[in-house]
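Numbering (my numbering), first residue to last: 286 to 403. Ideal Cβ placement from N, Cα and C applies to all residues, glycine included.
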């Protein structure tokens, strides 16, 4: 069983930056692909970024060049550095852990709110 706890959300002006953190416990963290998803009001949850167990990364087109996902296996942490934020980035951001190095998320955090004002 993997437990995930996000932190770092908040209110920021457009063009600003935030860094989200996700602390994992349980399981063998280094073997899990980790993801960040987001869900805006009235919209479906969407994948923002994924980092494989080996450290390969992929991003949604809407955040490429602005967001960076990273992980620290020793600390069991995954991060999402968000730069050049836009109002359309406003959403609840969720950390997800895949089963092994798979895709998607089997385990979820509780989410952290990110609000970008114009």
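| query | result |
| --- | --- |
| With H, G and I counted as helix, E and B as strand and the rest as coil, what does DSSP make of residue 303? | strand |
| In chain order, what residues of the same chain have a beta carbon less than 6 Å from the beta carbon of residue 310, not counting five sequence neighbours either side? | 288 |
| Return the Cβ separation of residue 302 and residue 368 in integer angstroms, given the expectation that the two are a contact with Cβ distance under 8 Å. | 5 Å |
| So, under 8 Å CB-CB, residue 410 and residue 342 are touching, yes? Tell me the CB distance rounded to an integer number of Å. | The chain is shown from 286 up to 403; residue 410 falls before or after that span and cannot be answered. |
| Use the C-beta contact count for residue 316: other C-beta atoms within 10 angstroms, 16 or more gives buried, fewer gives exposed. | exposed |
| My output table needs one value for residue 291: the three-state DSSP class, helix, strand or coil. | strand |
| Report, in whole angstroms, the separation of the C-beta atoms of residue 323 and residue 379, which I expect to be a contact under 8 Å. | 7 Å |
| Which whole-angstrom value describes the C-beta separation of residue 332 and residue 320, a residue pair presumed to lie in contact below a C-beta threshold of 8 Å? | 6 Å |
| Alpha carbon to alpha carbon, what distance is there between residue 398 and residue 326? | 11 Å |
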